[in-house]
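Everything on this sheet refers to the single structure shown next.
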Amino acid sequence: MNTVTKKNILNTEKEIKELESLKADLYHKDFLLTWEKTDKELHSVLKIAEILKQMHNDNIDVSMFKTGLAVSNFRDNSTRTRFSFASACNLLGLAVQDLDEGKSQIAHGETVRETANMISFLTEVVGIRDDMFIGKGHTYMKEVAEALDDGYENGVLNQRPAVVNLQCDLDHPTQTMSDLLFLKNYFGGFEKLKGKKIAMTWAYSPSYGKPLSVPQGVIALMTRFGMEVELAYPEGYDLLPETLEIAKKHAKASGGSFKVSNSMEDAFKNADIVYPKSWAPYAVMEKRTKLLEQRDQNGLKELEKDCLAQNAKYDSWECDKKKMKLTKNGEAVYLHCLPADITGVSCKKGEVSADVFEKYRIGTYKEAGYKPFVIAAMIIACTKKNPSEILKAIYKKAEKRVL
Amino acid sequence: MNTVTKKNILNTEKEIKELESLKADLYHKDFLLTWEKTDKELHSVLKIAEILKQMHNDNIDVSMFKTGLAVSNFRDNSTRTRFSFASACNLLGLAVQDLDEGKSQIAHGETVRETANMISFLTEVVGIRDDMFIGKGHTYMKEVAEALDDGYENGVLNQRPAVVNLQCDLDHPTQTMSDLLFLKNYFGGFEKLKGKKIAMTWAYSPSYGKPLSVPQGVIALMTRFGMEVELAYPEGYDLLPETLEIAKKHAKASGGSFKVSNSMEDAFKNADIVYPKSWAPYAVMEKRTKLLEQRDQNGLKELEKDCLAQNAKYDSWECDKKKMKLTKNGEAVYLHCLPADITGVSCKKGEVSADVFEKYRIGTYKEAGYKPFVIAAMIIACTKKNPSEILKAIYKKAEKRVL
Amino acid sequence: MNTVTKKNILNTEKEIKELESLKADLYHKDFLLTWEKTDKELHSVLKIAEILKQMHNDNIDVSMFKTGLAVSNFRDNSTRTRFSFASACNLLGLAVQDLDEGKSQIAHGETVRETANMISFLTEVVGIRDDMFIGKGHTYMKEVAEALDDGYENGVLNQRPAVVNLQCDLDHPTQTMSDLLFLKNYFGGFEKLKGKKIAMTWAYSPSYGKPLSVPQGVIALMTRFGMEVELAYPEGYDLLPETLEIAKKHAKASGGSFKVSNSMEDAFKNADIVYPKSWAPYAVMEKRTKLLEQRDQNGLKELEKDCLAQNAKYDSWECDKKKMKLTKNGEAVYLHCLPADITGVSCKKGEVSADVFEKYRIGTYKEAGYKPFVIAAMIIACTKKNPSEILKAIYKKAEKRVL
């Protein structure tokens with residue numbers, strides 16, 4: 007154990023007791039969207055994640071599956087989330103098996119229903135990433151979940167595998183809950199987040215077509231914790247309207263606030279946290295989905311050209327030293343889901359200047375470091391009737407993970 | 007445990023005793039063709055499969071390898087069989103490692119001999135699918151098996167990995183034995199299969215080049231259990247002659263029968279079981295193999311065109327409601343190895359009508375659900391000197407697979 | 007246990023005691039180049055490898071990680087080394103996860119630093135193969151190692167994963183240490199290697215661009231064990247000069263010798279061991295690296311043409327019966343890292359004649375058979391504070407690997 011982690015040591019037994027008292031029940035459910043879950047359910051998953059992270063650090067073997075498959079279904083390229091999912095499954099004792107479809111092939115209907123069952127005879131979890139098509143990703147995940155219900159209820163499957171959303175067109179719950187855990191530990195508890203201002207802002211990128219799920223997920227989640235959430239983007243870079251409605255509702259319920267502006271500077275003013283990140287306008291993503299369905303290569307090229315030209319108008323939306331000075335004491339914490347487009351490092355001009363990124367680099371790595379444990383927590387919450395009892399037994403036994 | 011599976015609970019101890027009394031010996035052998043195995047050997051594998059399925063349902067950990075690799079060598083695309091193999095290996099504690107060759111490269115000679123050893127230093131099983139080339143797949147599997155004998159006998163390998171046929175040009179034993187287990191449980195025992203009529207028929211498909219191994223494997227296997235097997239296909243869609251000879255011989259020995267006709271209706275008449283499935287004529291597959299070897303792209307295109315035109319003549323060979331009415335009480339059980347070409351669902355016109363498929367859909371999923379356990383049983387039978395003793399010890403210990 | 011391996015049974019307890027007395031410390035280090043390691047460190051890894059090989063043969067479970075990932079990062083095609091790495095990791099209880107980059111993309115800077123951390127939250131070892139670019143492979147491995155130091159020291163990672171070189175532009179330590187263990191057991195001990203003559207010679211191949219790491223690694227390693235190392239190649243086929251300097255220094259220190267000639271016959275004369283293997287001249291590999299960076303397809307084609315023409319001048323550099331007669335009693339042992347270019351088998355004219363290869367074939371397979379255990383030993387040495395204590399505990403417990 008190194009000094010940094012020692013500082014964070016949890017009283018694991020106490021944590022498990024608190025988990026027990028939450029009495030959240032996600033058994034035989036899926037984890038698709040944070041806003042479908044109650045506060046208790048979210049806190050339950052967050053608590054399991056922290057308990058697992060601590061046990062890993064304390065070299066305790068938490069493998070609670072002796073055998074079992076975890077299906078990894080990535081419909082978009084990914085290295086980080088793929089490794090996070092693989093790490094989470096391995097931590098619990100599951101073996102990852104990739105389900106590779108042709109990237110262009112959008113399976114539906116009987117194909118999905120059948121495939122979902124055929125890959126699940128000995129499967130405990132299906133992790134899905136499907137974030138490129140507006141109106142498709144979340145729909146696909148629900149289709150898979152329904153097919154698994156059908157198979158389980160009809161005696162095809164001995165167990166009901168959990169479906170975990172590894173990023174869809176609406177939400178990116180494993181990312182935003184990792185962001186949240188990082189903030190909770192940075193500020194010293196969920197209570198400390200109340201009244202903190204977070205600026206979720208668009209930022210310039212020389213690429214195009216980045217998904218909307220991170221900003222949508224962030225505004226929907228952070229508003230539940232009493233935070234002052236300010237969303238800022240250039241005119242035309244709208245998110246899906248329904249996610250803004252959710253953020254408004256959550257802010258009202260939690261005593262926080264939710265505001266939308268078209269100025270990065272306004273959003274940064276007095277912010278405790280900044281999350282500058284590029285995304286494509288919702289309308290563009292819809293247009294793109296249609297062109298992809300029609301396999302209209304020329305249309306796609308033209309759209310890309312138009313969008314990059316549009317983006318270029320807003321290349322001043324960079325998180326640089328000057329803008330950081332606007333934040334609370336000039337010392338807001340910087341968040342990013344990585345990889346960031348870093349000016350002069352990974353691109354000529356990007357989302358963040360090199361000096362700002364370097365200052366917060368280790369922080370962003372730690373932010374990402376919660377993800378495997380958040381995923382593992384979702385798996386446990388959705389596949390176990392009584393997570394706290396299992397964790398208690400594991401903690402009592404305390405078998406070494408590594409000799 | 008759900009109600010369906012409860013109905014099927016086996017007296018596991020009794021089953022293990024029966025396995026013991028079979029005294030079958032497959033140790034250090036491979037599982038390539040069902041017709042190379044004695045009845046005792048087949049029954050032994052089938053029994054192990056059912057014991058494993060029950061133990062999985064009872065949440066008993068059956069991992070009998072603490073470490074060890076399982077090599078997955080697919081020379082043709084596959085999702086279902088790939089997952090079945092991965093599931094089987096994981097169930098027993100083995101880690102799957104893919105052996106990816108270039109798809110076009112047909113390795114032979116020293117390359118096969120050397121590669122087979124290089125991938126096997128810590129390997130317990132090699133699963134191979136090679137079904138696209140007439141005269142090649144089974145030959146390749148035998149080459150691998152001989153190379154492993156050579157390596158084991160000469161002290162290169164500490165253990166002799168088993169070779170398991172996951173579909174070749176001759177047979178598809180993991181599929182047909184799953185079909186058989188489904189039928190056994192559907193009708194209530196192997197004894198009940200005697201005298202039952204099964205119609206293994208060709209069916210129309212808008213695709214071309216489907217392997218022959220399923221119909222060949224079905225007629226060779228079902229004739230051993232006293233069934234009345236009727237094979238039906240349009241003129242010209244012949245199977246490999248040697249597999250018909252085997253079916254004849256088996257029917258004679260078991261007191262069943264084997265008949266070939268050119269009418270789907272005749273075959274369906276009074277059938278207890280129907281298995282309508284498309285395949286390519288044996289002569290076409292031979293021609294195709296040659297064209298592929300010569301990399302004759304134009305020749306292949308022309309062959310495909312001819313074959314699809316030929317197929318189209320027989321698009322009335324669809325398993326529909328009307329034909330199902332010809333079967334025993336209009337209620338024959340429908341089998342398929344999946345995925346089926348379903349009219350109006352996965353294609354315009356196909357092997358089976360949507361209403362018939364939907365009626366039997368859950369059944370076909372359950373049929374497929376035996377496959378992981380059949381594969382695991384083959385691995386156990388071929389790598390263990392005394393499977394019944396190991397299963398007895400595991401059952402006595404009864405460690406939880408999932409906490 | 008078969009008769010061959012019985013002959014080689016080690017007194018495992020004695021071996022573990024000897025390992026203990028070596029007091030080598032590789033904990034939290036990486037295994038990149040043999041010449042960065044002390045004799046004690048090399049002997050420590052070699053001894054662990056032999057202990058593991060014996061325990062595997064004795065069916066003892068040596069999995070010392072209950073969970074944990076092993077990252078497999080191959081920047082060049084490989085079947086054999088990939089399987090060796092997978093086997094080694096599986097033996098120790100780790101699950102392999104592939105890190106696939108675009109083959110052409112040579113990642114550097116922030117990308118490497120970030121990716122190295124993102125894939126390592128639950129990772130214990132990163133195995134890297136990067137052998138195609140002079141001046142790049144070893145540099146990349148060091149970059150990854152530094153990124154992991156950074157992440158570990160800053161509390162991003164709970165553990166410091168070891169980096170293992172699975173072949174770079176300079177060295178191929180897992181191969182050469184396997185070669186060495188084969189020789190040690192062939193001749194009956196490290197002491198017996200003193201004074202033995204080994205001919206590391208170039209050999210003709212109809213292909214181009216083979217890496218230099220094997221001959222460089224062989225001359226650098228074998229000179230440490232008091233051997234008479236003779237390197238022979240046609241004029242112009244030079245290795246990296248620094249590796250020759252290392253060989254000279256080692257030969258002087260160990261009481262062996264190191265000589266360079268331009269005659270295969272001279273090198274074979276009175277040799278106890280021959281290692282005839284093709285490689286590309288160092289200057290060509292440098293030129294090739296530049297052309298690849300510039301994506302100069304025409305330049306690459308021309309270079310290949312020139313090189314193959316150059317190679318063709320030396321097609322008499324074949325290890326045949328006649329040349330083998332020049333060796334000690336005509337019975338030198340033949341080594342190869344496999345696959346060899348075998349005349350009349352895998353090519354028209356190649357590195358070795360078919361009769362010579364066949365005579366030594368099983369030996370080369372056994373030579374390769376040490377590799378999984380050498381890799382596993384490197385992982386143990388670099389991730390465990392006290393390997394001998396762990397091995398002692400495992401040996402005492404002696405749990406069955408396979409029931």
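In order, the protein sequences belong to chains S, V and P.
Position in the first sequence (from 1) plus 6 gives the number in this note's numbering.
Position in the second sequence (from 1) plus 6 gives the number in this note's numbering.
Position in the third sequence (from 1) plus 6 gives the number in this note's numbering.
Idealized CB from N, CA, C, for every residue including glycine.
Anything in chain P within Cβ reach of residue i, meaning under 8 Å, just list it in chain order.
i         : result
Val162(V) : Ile368, Tyr371, Lys372, Gly375
Ser322(S) : Residues of chain P passing the Cβ test: none, with the nearest at roughly 23 Å.
Only counting the same chain, and skipping five residues up and downstream in sequence, which positions put a Cβ closer than 7 Å to that of residue i?
i         : result
Asn65(V)  : Lys406, Arg407, Val408
Ala455(V) : Residue 455(V) cannot be examined here, being either before or after the span of chain V that is shown, 7 to 409.
Asp361(P) : Lys327
Glu24(V)  : Lys53
Gln111(V) : Below a pLDDT of 50, predicted positions are generally treated as unreliable, and Gln111(V), at 42, falls in that range; no measurement from the model is reported.
Met330(S) : Gly336, Ala338, Val362
Ser219(S) : Asp137, Gln173, Cys174, Asp175, Leu176, Asp177, His178
Assign residue i to one of two classes, buried (16 or more other C-beta atoms within 10 Å of its C-beta) or exposed (fewer than that).
i         : result
Ser492(S) : With chain S running from 7 to 409 in the structure shown, residue 492(S) is simply not present.
Pro247(V) : exposed
Gln173(V) : buried
Thr333(P) : buried
Asn317(S) : buried
Report all residues from its chain with a CB closer than 6 Å to the CB of residue i; omit the five preceding and five following residues, and keep chain order.
i         : result
Tyr33(V)  : Lys391
Phe379(V) : Ala55, Leu58, Lys59
Thr182(S) : Gly223, Val224, Leu227
Gly143(S) : Asp136, Asp137, Cys174, Asp175
Grouping DSSP H, G and I as helix and E and B as strand, with all else coil, what is residue i?
i         : result
Gln111(P) : For Gln111(P), the pLDDT reaches just 42, beneath the cut-off of 50, and the residue's location in the model is therefore unreliable, although a value from the coordinates is still provided. Of the three classes helix, strand and coil, the one that applies to Gln111(P) here is coil, per DSSP.
Asp64(S)  : coil
Asn392(P) : coil
Asp104(V) : strand
Ala404(V) : coil
Asp156(P) : helix
Gly262(V) : coil
Glu271(V) : helix
Leu246(V) : coil
Leu237(S) : strand
Ala168(P) : strand
Gly215(P) : coil
Lys283(S) : strand
Arg135(P) : strand
Thr129(V) : strand
Who are the Cβ neighbours of residue i in its own chain at under 8 Å, not counting the five residues just before and after it?
i         : result
Ala238(V) : Ala205, Met206, Thr207, Trp208, Val266, Ser267, Asn268, Ser269, Met270, Asp272, Ala273
Glu130(P) : Phe71, Gly74, Leu75, Ala76, Leu100, Gln165, Pro167, Ala168, Ile385, Thr389
Residue i touches chain P at which residues, Cβ-Cβ below 7 Å?
i         : result
Phe127(V) : Ser93, Gly375, Pro378
Can you list the residues of chain V that residue i reaches, using a CB-CB cut of under 8 Å?
i        : result
Gly99(P) : Thr73
His62(P) : Leu128, Asn164
Output, in chain order, the set of chain P residues within a Cβ distance shorter than 9 Å of residue i.
i        : result
Thr85(S) : Leu105, Asp106, Glu107, Thr121, Met124, Ile125
Just to make sure I have the definition right: I need the residues of chain V whose C-beta is within less than 9 Å of the C-beta of residue i. Which are they?
i        : result
Asp67(P) : Lys72, Thr73
List, in chain order, every chain S residue whose beta-carbon is nearer than 8 Å to that of residue i.
i        : result
Thr18(P) : Simply none; closest approach about 17 Å.
Practice item. Can you check the stretch 170 to 206 of chain V for any alpha helix (DSSP H) of at least 4 residues that lies completely inside it and give the ranges in chain order? Key: Runs found: 179 to 193.
Review point. At which residue ranges does the stretch 30 to 79 of chain S contain complete alpha helix (DSSP H) runs of 4 or more residues, listed in the order of the chain?
Key: Counting only runs of 4 or more, we get 45 to 63.
Practice item. Return the chain-ordered ranges of every beta strand (DSSP E) run that is complete within the stretch 302 to 370 of chain S and spans a minimum of 3 residues. Key: Within the stretch 302 to 370 of chain S, no complete beta strand (DSSP E) segment of 3 residues or longer occurs.
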